[in-house]
Amino acid sequence: MAEKLIELKNLTKRFDDNLVVDRISLDIYKNQFITLLGPSGCGKTTILRMIAGFEEITDGQIYFEGKDLTKIPANEREINTVFQNYALFPHLNVYENIAFGLRLKKLDQSEISDRVARSLSMVKLIGYGKRSIEALSGGQQQRVALARAIVNRPKVLLLDEPLSALDLKLRQDMQYEIKDMQHQLGITFIFVTHDQEEALTMSDRIVVLNEGKILQTGSPEDVYNEPVNRFVASFIGESNIIPGIYCGNRVVEFFKARFDCVDDHFETGEKVDVVIRPEDFEVVVVQEGKITGKVADIVFKGVHYELCVMANGQELIVHTLKSPNIGDIIGLKVDKFEIHLMKVS
Ligand SMILES: Nc1ncnc2c1ncn2[C@@H]1O[C@H](COP(=O)(O)OP(=O)(O)OP(=O)(O)O)[C@@H](O)[C@H]1O
Ligand SMILES: [Mg+2]
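Just so we're aligned: the sequence shown equals residues 1 to 345 in this note's numbering.
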């Protein structure tokens with residue numbers, strides 16, 4: 001089992017009467033890539049700022065290697081942050097931006113140039129040391145911000161939506177690079193994003209937040225396949241959420257039909273939300289499907305078609321390799337392992 005590095009215990013933050021972080025408890029391990037995922041305003045930045053020491057905590061505790069972190073001043077914490085707006089010094093060149101923290105620590109010249117060179121190589125900017133910050137693209141500035149954070153050899157790197165300013169292609173490239181960098185450095189990354197796809201591709205563990213509370217913590221697969229409630233299901237990827245009734249014995253009723261399922265932690269007769277991912281439907285002829293629907297729309301998505309199907313008065317999103325016509329009546333089949341039940345929230 002990996003070693004625990006940071007422990008948040010009932011961490012709480014209030015700005016005046018406004019409760020923005022509500023008793024968050026979370027264990028973060030060494031060498032883990034953990035992502036805080038949630039909509040704008042849910043408290044992600046505030047949590048990072050409390051860990052970094054830029055924001056006082058209202059209540060609760062933060063432990064770092066078992067010690068009370070709040071007693072350690074921000075500049076002595078073995079934690080570095082990459083801010084969303086990069087916060088580079090425009091009047092210093094690339095080299096000096098990266099060397100800045102090391103000069104404050106009064107390291108000797110050769111150590112500084114050695115470490116800066118290694119950081120530049122890590123972010124693929126060898127040869128850019130003398131460039132001015134203004135002469136860099138957005139993606140290159142982001143790399144300098146990363147290099148400046150890792151040059152201090154922190155035990156933890158906090159990354160607050162580091163890629164949100166980049167265009168899609170560059171963002172995807174940087175996702176792989178950051179993940180790769182984390183493997184090479186072997187340190188803990190706490191990454192913040194409101195982009196679910198980014199969270200799913202990059203993380204060992206995802207923490208889904210809303211309104212200052214943790215809704216779910218788990219591996220990307222867990223959170224995607226077994227969302228705990230409607231909010232998580234609709235926040236993490238496209239999904240169909242259908243009202244149903246649990247009939248007992250791993251049977252659920254929805255759309256006036258009964259389906260086998262694999263969840264059983266519900267009361268017989270309990271109302272449930274049934275989640276089915278668009279890719280988990282199989283389009284079949286009407287006789288073969290328990291669900292019948294009318295194709296209302298078709299969009300070609302490159303690898304698959306996305307259908308909007310009206311079934312029992314509800315719109316379903318269905319991904320398929322087949323291409324029916326608008327207006328076709330189709331059957332839909334779904335495997336019992338792909339029928340996921342959630343508590344009604
Ligand atoms: N210094 C402050 N004073 C008062 N309220 C604040 C302060 N900083 C943040 N807040 C409020 O706390 C809440 C959480 O803000 P926070 O910046 O942590 O959200 P976030 O999840 O990072 O959002 P985003 O995705 O938009 O960056 C918001 O409602 C915000 O307005
Ligand atoms: Mg933020």
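Glycine included, each C-beta is placed from N, C-alpha and C at the ideal position.
- Nearest Cα to Met310 within the set Lys301, Gly302, Thr292 and Phe300: Thr292.
- Excluding residues up to 5 positions away in sequence, Val123 and Leu125 lie with their Cβ nearer than 6 Å to the Cβ of Arg143 in the same chain.
- Per DSSP, Asn10 lies in no alpha helix (DSSP H) segment; the continuous beta strand (DSSP E) that holds it begins and ends at Lys4 to Phe15.
- Per DSSP, the beta-bridge partners of Pro243 are Asp273.
- The C-beta distance from Ile236 to Pro227 rounds to 6 Å, short enough to fall under 8 Å.
- In this structure, the C-beta of Asn18 approaches ligand 1 to less than 7 Å from one of its heavy atoms.
- Going by DSSP, Phe231 is part of the alpha helix (DSSP H) stretching over Arg230 to Phe235.
- When the Cα atoms are used, Leu5 and Pro324 turn out to be separated by approximately 53 Å.
- Less than 8 Å separates the beta-carbon of Arg115 from that of Val151.
- Around Thr217, the same chain offers Val207 as residues with beta carbons nearer than 6 Å, after the five sequence neighbours per side are excluded.
- Shown here for Asn249: not one same chain residue has a beta carbon closer than 7 Å to its own, the five before and five after excluded.
- With a contact defined as Cβ atoms closer than 8 Å, Asp59 and Asn10 qualify at about 7 Å.
- Any heavy atom of ligand 2 counts here; residues with a Cβ closer than 7 Å to one of them, in chain order, are Lys44, Thr45, Gln84, Asp160, Glu161 and Val192.
- The beta carbon of Glu270 sits closer than 6 Å to those of Tyr246, all from its chain and outside the five residues before and after it, given in chain order.
- Here the alpha carbon of Ser25 sits roughly 22 Å from the alpha carbon of Met202.
- Separation of Tyr29 and Leu8 (C-alpha to C-alpha, rounded to the nearest whole angstrom) is 12 Å.
- Around the beta carbon of Val299, fewer than 16 other beta carbons lie within 10 angstroms, which makes this residue exposed.
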